[in-house]
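Numbering (our numbering), first residue to last: 152 to 238.
Where a beta carbon is used, it is the ideal one built from N, C-alpha and C, also for glycine.
Because the structure is a prediction, the values reported are computed rather than measured.
First up is the structure itself, then whatever we jot down about it.
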Amino acid sequence: TTTTASVADVVERWRRAAPEVKVALVNDYAVDPAWVAAVAASIREHWQQHGRSQKLMFSFHGLPQRVADAGDPYPQRCEASARAIAA
Numbered sequence: 152t153t154t155t156a157s158v159a160d161v162v163e164r165w166r167r168a169a170p171e172v173k174v175a176l177v178n179d180y181a182v183d184p185a186w187v188a189a190v191a192a193s194i195r196e197h198w199q200q201h202g203r204s205q206k207l208m209f210s211f212h213g214l215p216q217r218v219a220d221a222g223d224p225y226p227q228r229c230e231a232s233a234r235a236i237a238a
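Right, here's the structure in full:
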């Protein structure tokens with residue numbers, strides 16, 4: 152994605168500047184089981200403390216429509232994340 156590409160450039164600069172520091176770039180965690188479980192657990196904890204509402208809204212940062220139209224997978228990955236967390 153465009154966001155990942157920008158971050159990857161910065162991570163690569165860090166690697167060159169400090170090769171002794173181990174840095175890993177996670178390219179796609181949208182449906183990573185550990186991430187999904189952590190987010191779902193956080194939501195459940197919030198519900199336990201504050202009560203459960205009738206609906207849960209997921210909000211992701213925006214992306215220009217032209218970027219999505221050009222094939223950036225971010226919108227689909229957001230949908231996949233929301234489905235996995237809600238499951």
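F209 and Y225: beta carbons closer than 9 Å?
no
Considering only C-alpha positions, which residue in the set K173, V187 and E196 is nearest to A238?
V187
So, helix, strand or coil for R166, using DSSP?
helix
Three-state secondary structure (DSSP) of D160:
helix
If you draw a straight line from the alpha carbon of W198 to that of S232, how long is it in whole angstroms?
19 Å
DSSP on Y180, reduced to helix/strand/coil?
coil
Completely contained alpha helix (DSSP H) runs for the segment 189-235, where each covers 4 or more residues:
216-220
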